[in-house]
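Contents: one structure, followed by commentary.
Protein chains: 2
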Amino acid sequence: MVVRVMATGVFDLLHPGHLYFLTEARKHGDELIVVVARDQTARRLKREPYVPEHMRRTMVEALKPVDRAVLGSTTDIYETVVNERPSIIALGYNQVWNEQEVERECARRGVPVRVVRIGALPHDDLATRRIVEKILARGVKELSS
Amino acid sequence: MVVRVMATGVFDLLHPGHLYFLTEARKHGDELIVVVARDQTARRLKREPYVPEHMRRTMVEALKPVDRAVLGSTTDIYETVVNERPSIIALGYNQVWNEQEVERECARRGVPVRVVRIGALPHDDLATRRIVEKILARGVKELSS
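Chains as they are written, first to last, in my numbering: chain A, 122 to 266; chain B, 122 to 266.
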């Protein structure tokens with residue numbers, strides 16, 4: 122039986138931390154399905170993405186460890202779990218969900234999963250913020266010169 | 122004989138236009154080697170990259186159409202051609218080199234190549250600029266609020 126791993130995230134400005142997360146997630150099974158958060162979900166839970174959802178999905182699916190990338194549900198994060206029926210769900214080091222709660226809710230919906238937690242890539246946890254800060258610093262400098 | 126294709130670029134904030142370029146380049150042969158421009162080369166020819174060269178190289182090599190990504194030479198763009206000996210060089214629609222000049226210079230250095238030109242992905246040619254503008258617009262708004 123193919124062991125399907127599922128990982129999820131916004132994946133706004135792709136950087137090596139994302140790649141590390143997906144590469145490590147992929148190691149827990151035979152195929153990796155990535156759920157890319159919809160723009161409105163990212164807006165609600167985190168912040169407005171810089172890159173629109175269809176571009177984020179395309180770029181995530183282009184990464185070697187990823188077998189398929191799908192856009193998430195706009196209303197219920199468990200909808201995609203029920204559709205895709207993974208047996209493993211990989212959470213990133215900074216994703217707030219609780220392992221036991223996710224396992225409990227998936228089981229309740231008829232999809233028994235094991236949740237694994239992927240650690241951070243050392244020195245790379247603030248990569249998106251650093252890229253954004255660099256763009257802002259240069260932009261503001263150019264605007265004021 | 123394996124037909125080696127070479128493509129080159131800065132690949133600063135990865136977007137579907139880059140992916141399209143690399144996917145199309147890959148179709149011209151059996152393997153694709155991508156030369157990622159050094160920070161100092163990008164600075165000289167285009168603009169300072171937002172993402173440092175080692176991160177740009179890692180992310181390009183993580184893309185499915187890419188077999189290997191290498192950092193370019195800091196002094197001579199033909200150095201990598203001589204080292205990697207491609208038989209095809211793919212140029213992007215907005216890369217300024219002239220096909221015949223590249224073919225002539227590669228031949229002169231003992232690496233006969235055919236240069237192919239890859240077209241633009243429709244509607245996606247300004248993707249990096251649009252991402253940067255969105256970051257700046259939001260950042261400046263936040264700074265002034």
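Even glycine gets a Cβ: it sits at the ideal position worked out from N, Cα and C. Quick caveat, the model's predicted, so the values are computed rather than measured.
Return the Cβ separation of residue i and residue j in integer angstroms, given the expectation that the two are a contact with Cβ distance under 8 Å.
i                : j                : result
glycine 130/B    : glycine 213/B    : 6 Å
alanine 158/B    : valine 126/B     : Incorrect: roughly 17 Å between the Cβ atoms, too far for contact.
isoleucine 154/B : valine 203/B     : About 13 Å; that fails the 8 Å criterion.
methionine 180/A : proline 137/B    : 7 Å
isoleucine 256/B : isoleucine 256/A : 5 Å
Using the DSSP secondary-structure output, state which residues sit across from residue i in a beta bridge.
i               : result
valine 181/B    : Its beta-bridge partners do not exist; DSSP assigns none.
methionine 68/B : The question about residue 68/B has no answer, for chain B in this structure spans 122 to 266.
Spell out whether any CB of chain B is found under 8 Å from the CB atom of residue i.
i               : result
threonine 179/A : yes
tyrosine 171/A  : yes
leucine 135/A   : yes
leucine 257/A   : yes
leucine 140/A   : yes
glycine 213/A   : no
glycine 193/A   : no
leucine 184/A   : yes
When you compare the CB of residue i with every CB in chain A, is at least one pair closer than 8 Å?
i                : result
valine 155/B     : no
glycine 150/B    : no
alanine 241/B    : no
valine 232/B     : no
glycine 260/B    : yes
isoleucine 252/B : yes
methionine 122/B : no
methionine 176/B : yes
Give me, in chain order, the residues of the same chain whose beta-carbon lies closer than 7 Å to that of residue i; leave out the 5 immediate sequence neighbours on both sides.
i             : result
serine 194/A  : Glu200 and Thr201
proline 186/B : Leu143, Thr144, Arg147 and Leu153
glycine 240/B : Tyr214
Report all residues from its chain with a CB closer than 6 Å to the CB of residue i; omit the five preceding and five following residues, and keep chain order.
i               : result
histidine 139/B : Phe132
arginine 238/B  : Leu212
serine 266/B    : Caution is warranted here: a pLDDT of 38 is assigned to serine 266/B, below 50, making its placement in the model unreliable, and the coordinate value is therefore given only provisionally. For serine 266/B, where only same-chain residues beyond five positions count, there are no Cβ hits under 6 Å.
alanine 163/A   : Val131 and Pro170
I'd like the list of long-range same chain contacts for residue i, defined as Cβ closer than 8 Å, with 5 residues on each side in sequence excluded.
i                : result
arginine 235/B   : Ser208, Ile209, Ile210 and Glu224
glutamate 182/A  : Val155, Arg189 and Ala190
isoleucine 252/B : Leu134 and His136
Going residue by residue through the stretch 135–167 of chain B, where are the continuous alpha helix (DSSP H) segments of at least 4 residues, counting only ones entirely within it?
Here the runs fully enclosed are 137–147 and 160–166.
Could you tell me which whole alpha helix (DSSP H) segments of length 4 or greater appear in the stretch 171–245 of chain A?
Runs of the alpha helix (DSSP H) inside the stretch 171–245 of chain A: 174–182, 199–205 and 220–229.
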